[in-house]
Amino acid sequence: MRLSRYFLPVLKETPSEAQIVSHRLMLRAGMIKQQAAGIYSWLPLGFKVLRNIEKIVHEEQQRAGHIPMLMPTLQSADLWRESGRYDAYGPEMLRIRDRHDRDMLYGPTNEEMITDIFRSHVNSYKNLPLTLYHIQWKFRDEVRPRFGVMRGREFLMKDGYNFDLTKEDALHAYNRHLVSYVRTYERMGLQAIPMRADSGPIGGDDTHEFLVLAETGESEVFYDSAVTDIRLGDRAINYDSVEECRAVMEEFTSLYARTDETHDAAIFEQIPEERRRVARGIEVGQIFYFGTKYSEPMGATVQGPDGKPVPVHMGSHGIGVSRLLGAIIEASHDDKGIIWPEGVTPFHVGIVNLKQGDAEADAACDALYDSFGALGLEVLYDDTTERAGGKFASMDLIGLPWRITVGPRGLKNGVVELTCRRTGESEELPPEQAVEKVAAIYRAHGIGRV
Ligand code: P5A
């Protein structure tokens with residue numbers, strides 16, 4: 034993409050309404066625009082990152098065997114009356130009446146709707162296990178929407194629902210989700226720690242929240258510092274294996290890590306003092322096992338092996354897709370701006386032309402642009418006539434991991450400058466080598482053409 038043809042409304046001033054760094058940077062980098070309290074437009078740069086996050090979520094869900102679909106945002110109140118949650122949900126639910134006076138609502142979550150789909154089409158245990166998911170907008174009329182996309186009213190969620198014959202099978206689904214979520218976050222450059230939590234309006238006893246540690250996080254968390262040493266890395270997981278998923282789940286959850294809702298001071302104090310941590314975290318996901326809470330009242334039964342109808346065991350699993358942008362920025366920025374992890378960056382590399390209009394510099398930039406394109410990598414090419422300082426400041430603000438600076442002086446010696454956004458380190462090298470180096474880094478992340 035050539036910057037001169039793009040829509041990137043970067044702000045010079047720091048917006049005063051934004052209290053935390055991710056919100057400030059998203060506004061300044063021209064990623065979002067507020068349309069009403071907690072409701073945002075996703076401008077092109079923000080939309081690109083949102084789509085990248087969705088792509089990782091889809092890939093990891095499908096790797097775990099979960100099936101994508103799409104449910105509507107608007108739901109009929111009658112479904113929620115069946116589960117008893119229409120009244121229980123309270124003022125966070127946005128209630129709407131259509132022209133025929135029918136009660137509708139903008140879905141805050143989809144347990145009822147998916148249970149309705151299931152009961153309409155599945156009758157036998159032979160069709161289990163089944164996990165369906167979608168990525169769809171939700172609405173929760175939060176009392177205090179704040180921190181930009183972090184606590185929105187309209188927000189994008191991946192929500193998945195498992196249907197199983199027995200509690201044991203449903204717990205496998207729970208463990209499978211826990212493991213696949215860890216992998217999903219790691220691919221975004223995040224460490225999200227599964228912590229024992231409270232189930233709130235979704236219900237059930239077994240639930241973990243995934244927390245990214247950050248001073249600006251809304252949740253207070255208590256944990257054994259040794260949990261932060263555990264990583265999945267590129268270990269292959271057989272998601273069909275009950276034992277393997279359970280073992281990995283236990284590896285990630287055996288040490289003390291809880292939100293304030295489930296914190297137990299007596300147990301916490303048994304951890305060696307130097308490993309006890311009280312900190313703050315951003316909740317980027319939550320998984321639940323709630324058994325037959327919805328299947329029983331809504332009549333979602335299957336015929337079991339003995340021919341008798343039994344209500345299915347269910348769980349639900351959510352990832353805060355739009356919130357993740359905020360979480361990633363909170364975890365990865367400096368005083369100049371955002372530092373995107375390779376896995377989610379809106380463009381893979383930025384090119385800064387120091388002398389736009391100089392035939393040689395323009396030609397070198399065009400050649401670099403084409404080389405990256407041929408390798409399946411996306412470039413943001415600053416081909417404007419702004420001065421160099423302004424170009425660098427914008428590139429640093431929007432946070433592309435790699436930048437190539439092209440100018441007549443370097444070209445005379447056959448070199449361009451390659452700069453790493455994270456370390457700030459630069460090196461001069463011939464253009465082809467710069468391309469090869471950047472391509473190799475992305476290849477290691479599974480990005481670009483081989
Ligand atoms: C699980 C999926 C559920 O709703 N039902 C379907 C279950 N869980 S949850 O924890 O309430 O939400 C899942 C994730 O959505 C994000 N989230 C939000 N993001 C932005 N703004 C909000 N107001 C908001 N509320 C929830 C969180 O990341 C949460 O973990």
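Going left to right, the sequence shown walks through residues 34 to 483 as the working numbering numbers them. Built from N, CA and C at the ideal position, the CB exists for glycine as well.
| Query | Result |
| --- | --- |
| Nearest-angstrom Cα separation, counted from residue 457 out to residue 356 | 27 Å |
| Beta-carbon proximity list for residue 274, same chain, < 8 Å, skipping 5 on both sides | none |
| Identity of the residue in 408, 475, 449 and 423 nearest residue 482 by Cα | 408 |
| Of the listed residues 183, 277 and 223, nearest to residue 16 (C-alpha basis) | In this structure the chain extends from 34 to 483, so residue 16 is not present and cannot be described. |
| Limits of the unbroken alpha helix (DSSP H) element including residue 153 | 144-154 |
| Close Cβ partners of residue 387 (< 6 Å) along its chain, the five nearest in sequence each way excluded | 421 and 440 |
| Neighbour-count burial assignment, residue 143, 16 or more Cβ in a 10 Å radius | buried |
| Neighbour-count burial assignment, residue 94, 16 or more Cβ in a 10 Å radius | buried |
| Buried/exposed call for residue 172, threshold 16 Cβ in 10 Å | buried |
| Terminal residues of the beta strand (DSSP E) in which residue 336 lies | 334-336 |
| Classification of residue 316 by the beta-carbon crowding that lies within 10 angstroms, buried from 16 upward | buried |
| Helix, strand or coil at residue 61 according to DSSP, with G and I counted as helix | helix |
| Inter-stretch contact (C-beta, 8 Å, three-pair minimum) for the stretch 308-324 and the stretch 229-247 | yes |
| CA nearest to the CA of residue 294, picked from 229, 381, 330 and 379 | 229 |
| According to DSSP, residues forming a beta bridge with residue 208 | The partner list for residue 208 (beta bridge, DSSP) is empty, contrary to what the question assumes. |
| Beta-bridge partners of residue 324, as assigned by DSSP | 347 |
| Sufficient close CB pairs (3 or more, under 8 Å) joining the stretch 194-202 to the stretch 84-93 | no |
| Neighbourhood of residue 236 by C-beta distance below 6 Å, restricted to the same chain and skipping five residues each side | 323 and 326 |
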